[in-house]
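Residue numbers (this note's numbering), protein chains in the order written: chain A, 1 to 424; chain B, 425 to 848.
Ideal placement from N, C-alpha and C gives every residue a C-beta, glycine not left out.
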């Protein structure tokens with residue numbers, strides 16, 4: 001253990017904790033002023049941000065990063081404009097802090113209020129997307145939380161430039177500069193130290209691929225809110241409306257195949273398979289989707305002249321994140337529910353049916369964060385749910401499940417007012 | 425790694441997961457029937473339970489356990505009657521499952537409902553109190569969760585007898601017997617295996633001392649809800665009512681000193697110290713409380729003829745769980761808030777004052793699970809808060825903070841009803 005590194009990281013967390021106490025009693029106006037100042041500052045600092053980002057891009061190219069990864073970490077004028085706009089949007093959202101969630105008067109006269117408060121100090125661990133730096137800092141700040149940001153080494157120069165702007169904006173609004181801090185090293189040892197500071201940091205949110213999330217979950221003694229990716233299902237029931245089934249299946253699969261709420265798996269009731277599968281298969285194939293089929297679906301699609309491939313067992317639990325879908329024919333609604341509860345990642349699963357009883361049974365029985373009836377899985381999203389912003393889509397069951405917005409970045413505390421009550 | 429043990433524990437969790445899916449769609453009546461049957465069965469099985477418990481008691485005595493620990497694990501007729509009564513009370517509570525927490529209609533016509541559902545599979549890790557076995561099983565069952573119970577070796581015979589009764593009650597109500605399972609070994613290796621089954625178990629609740637909780641938190645890849653003990657403060661403000669201050673300080677310290685919401689620390693505003701400290705000190709001393717004092721409070725109490733001892737620095741952050749209190753004089757309300765945020769365990773902290781502005785500032789500024797104004801810290805309790813029952817008092821900030829009742833044993837899911845909506 002490097003003692004200097006341990007001291008650096010611990011001191012940073014101590015400062016974050018102190019800042020979080022000041023933030024918890026800061027006003028909405030102060031936090032919004034910091035955010036609006038940051039948006040303006042990003043606009044005014046375009047040249048400096050592009051220059052810092054160019055150093056990261058050059059290093060990434062020199063290190064042979066594949067072009068799509070280099071693209072992901074690259075800023076340009078348009079992306080910077082989008083970034084400052086997203087900060088202004090966060091500033092415009094209602095403040096979640098201070099809302100009274102419940103109140104009651106006890107028989108002994110005690111008056112209880114359950115009030116939404118910030119969580120405290122949140123550690124955000126992310127990879128190589130510099131917009132995450134600003135998005136996460138803005139959401140944490142808006143919700144009154146101090147944040148500790150630890151990004152990937154590929155965007156370290158960009159992050160330093162962004163963190164400097166954020167700290168100027170905090171100072172301009174009279175808020176502690178330590179309310180948002182960047183871990184000053186991308187050393188993995190620093191991350192391991194950070195993940196064990198459970199007396200100072202209250203929540204860890206890893207934003208990135210499954211490997212990162214798993215590493216964090218296994219090494220953290222701080223509670224982690226995980227945003228794993230999705231193996232999402234669409235089940236087309238016997239009583240589905242044909243055109244609606246086609247529209248939803250195609251949208252869920254192809255509208256943006258690389259995201260967590262895109263469909264990866266198609267189940268079709270055997271009573272609808274002959275009628276519907278050819279239409280669904282042809283539509284998907286026309287959009288360039290590869291169909292990995294079980295025997296029953298492959299046979300029906302083959303007779304209909306739609307090109308398919310036989311699925312391997314692993315395909316039925318795979319998140320393809322691509323124009324690929326696995327297809328199965330199922331004997332009943334209850335089989336569909338059981339398969340989804342076994343093979344899905346409990347993220348976003350849909351039924352298409354005109355049969356309300358079937359839909360009710362599906363929605364009660366499918367144990368997933370979001371269950372859709374006659375709508376695309378792609379709607380499992382903080383913006384679509386009306387949260388205004390999201391820090392991710394939680395695949396956990398504790399604290400937050402599904403889209404995680406400003407309210408989910410909060411905890412609560414109990415305020416109890418008495419007139420001298422004591423326990424007998 | 426013992427592969428047989430790994431298989432035993434994993435199979436148990438697989439069965440728990442299957443049972444949890446059945447429980448999630450079970451009716452309130454079915455779950456209540458199982459609970460009422462269990463209460464009756466405990467009453468009818470008194471002789472068998474006492475016999476099983478006697479084997480644990482004999483072993484504990486043979487192993488030289490101190491008498492207070494032997495007492496803790498001992499059943500008698502009265503304790504068994506209390507146990508069955510507590511199960512009947514859980515049955516009588518409202519079912520938390522299925523409540524619609526929010527609903528909204530989106531501009532695109534999607535209808536969203538956020539519905540309370542069980543968490544899924546909960547692992548409860550506890551030590552040597554056999555009432556915990558039944559209490560936790562009952563609370564998990566009522567809230568639709570499958571539970572895996574892992575108790576200490578000191579009560580293994582008692583736990584086996586209780587688990588057999590629970591499984592008969594589940595069967596009698598037509599619920600899966602695997603809905604409540606006892607880990608069939610108290611081998612620590614089995615616990616370590618269990619704590620890493622994060623794809624099957626959704627939540628771990630350790631019930632026991634700090635050492636157990638810390639071991640679980642450090643070894644679990646499953647989210648843990650921690651119930652650490654409390655370093656609770658009472659702050660007596662300059663504007664306190666004298667008699668009320670005396671009543672609250674004495675109650676918070678002496679009514680039940682061994683529990684987590686008992687006060688361990690007293691702060692007195694310097695403007696009230698000369699007036700109030702002698703009265704508070706004399707009252708506490710009369711109840712047999714040792715007063716560990718800072719210089720200022722020791723000097724005032726000494727002049728008033730109250731016996732004190734000088735406090736060591738560590739006393740100001742200690743949970744005594746005994747008739748001992750540490751006492752300090754503080755220069756201001758803001759100092760009291762800062763001291764509490766630094767030295768308390770953020771569990772239950774109180775202000776005594778007639779000054780509403782001071783109380784508001786204290787309640788906003790103190791970052792604890794429950795903050796009391798003119799009431800004893802002893803009220804931080806699920807029963808006192810009207811929850812009907814509690815599985816513990818969470819010292820975490822995610823998911824549940826403060827008393828954890830049936831609702832806090834639930835998660836939620838999003839049910840989205842459409843008419844064919846797709847994303848553009």
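Quick check on residue i: does DSSP put it in helix, strand or coil?
i                     : result
residue 534 (chain B) : coil
residue 752 (chain B) : strand
residue 297 (chain A) : helix
residue 552 (chain B) : coil
residue 102 (chain A) : strand
residue 840 (chain B) : strand
residue 570 (chain B) : strand
residue 694 (chain B) : helix
residue 425 (chain A) : Missing from the structure shown is residue 425 (chain A); chain A here goes from 1 to 424 and no further.
residue 648 (chain B) : strand
residue 201 (chain A) : coil
residue 231 (chain A) : coil
residue 410 (chain A) : strand
residue 290 (chain A) : strand
residue 279 (chain A) : helix
residue 816 (chain B) : strand
residue 306 (chain A) : coil
Would you say residue i lies against chain C (beta-carbon separation less than 8 Å)?
i                     : result
residue 404 (chain A) : You won't find chain C in this structure, because its protein chains are A and B.
Measure the CB-CB distance between residue i and residue j and report whether it falls below 8 Å.
i                     : j                     : result
residue 655 (chain B) : residue 768 (chain B) : yes
residue 34 (chain A)  : residue 173 (chain A) : yes
residue 642 (chain B) : residue 221 (chain A) : yes
residue 588 (chain B) : residue 594 (chain B) : no
residue 770 (chain B) : residue 793 (chain B) : yes
residue 58 (chain A)  : residue 128 (chain A) : no
residue 323 (chain A) : residue 309 (chain A) : no
residue 672 (chain B) : residue 651 (chain B) : no
residue 414 (chain A) : residue 112 (chain A) : yes
residue 617 (chain B) : residue 429 (chain B) : yes
residue 692 (chain B) : residue 753 (chain B) : yes
residue 119 (chain A) : residue 822 (chain B) : yes
residue 161 (chain A) : residue 121 (chain A) : no
residue 628 (chain B) : residue 579 (chain B) : no
residue 381 (chain A) : residue 251 (chain A) : no
residue 264 (chain A) : residue 325 (chain A) : yes
residue 109 (chain A) : residue 419 (chain A) : yes
residue 755 (chain B) : residue 662 (chain B) : no
residue 159 (chain A) : residue 182 (chain A) : yes
Please report the residue range of the alpha helix (DSSP H) in which residue i lies.
i                     : result
residue 82 (chain A)  : 77–92
residue 67 (chain A)  : 67–73
residue 397 (chain A) : Segment: none, residue 397 (chain A) is in no alpha helix (DSSP H) and carries neither H nor E.
residue 4 (chain A)   : 3–24
residue 61 (chain A)  : 46–62
residue 606 (chain B) : Here residue 606 (chain B) belongs to no alpha helix (DSSP H); instead the beta strand (DSSP E) covers 604–606.
residue 612 (chain B) : 612–618
residue 789 (chain B) : 780–789
residue 165 (chain A) : 156–172
residue 119 (chain A) : Where residue 119 (chain A) is concerned, there is no enclosing alpha helix (DSSP H), given that its DSSP letter is neither H nor E.
residue 338 (chain A) : 333–343
By Cβ distance, which residues of its chain are closer than 7 Å to residue i, with the 5 residues on each side in sequence left out?
i                     : result
residue 521 (chain B) : 540, 541, 542, 567, 568 and 834
residue 590 (chain B) : 462, 561 and 604
Can you list, in chain order, the residues of its chain whose CB lies under 6 Å from that of residue i, leaving out five sequence neighbours each side?
i                     : result
residue 832 (chain B) : 824
residue 320 (chain A) : 264
Starting from residue i, follow the beta strand (DSSP E) in both directions and report where the run begins and ends.
i                     : result
residue 374 (chain A) : 370–375
residue 746 (chain B) : No beta strand (DSSP E) contains residue 746 (chain B), which DSSP labels as neither H nor E.
residue 349 (chain A) : 348–352
residue 250 (chain A) : Segment 242–254 is the alpha helix (DSSP H) holding residue 250 (chain A); no beta strand (DSSP E) there.
Apart from the five residues on each side of it in sequence, which residues of its chain come closer than 8 Å, Cβ to Cβ, to residue i?
i                     : result
residue 624 (chain B) : 434, 437, 438, 440, 441 and 545
Are the stretch 333–352 of chain A and the stretch 369–387 of chain A touching by the rule of at least three beta carbon pairs closer than 8 Å?
yes
Taking contact to mean 3 or more Cβ pairs, one atom from each stretch, closer than 8 Å, check whether the stretch 77–89 of chain A and the stretch 16–30 of chain A are in contact.
no
Can you find at least 3 beta carbon pairs, one from the stretch 512–520 of chain B and one from the stretch 804–819 of chain B, that sit closer than 8 Å?
yes
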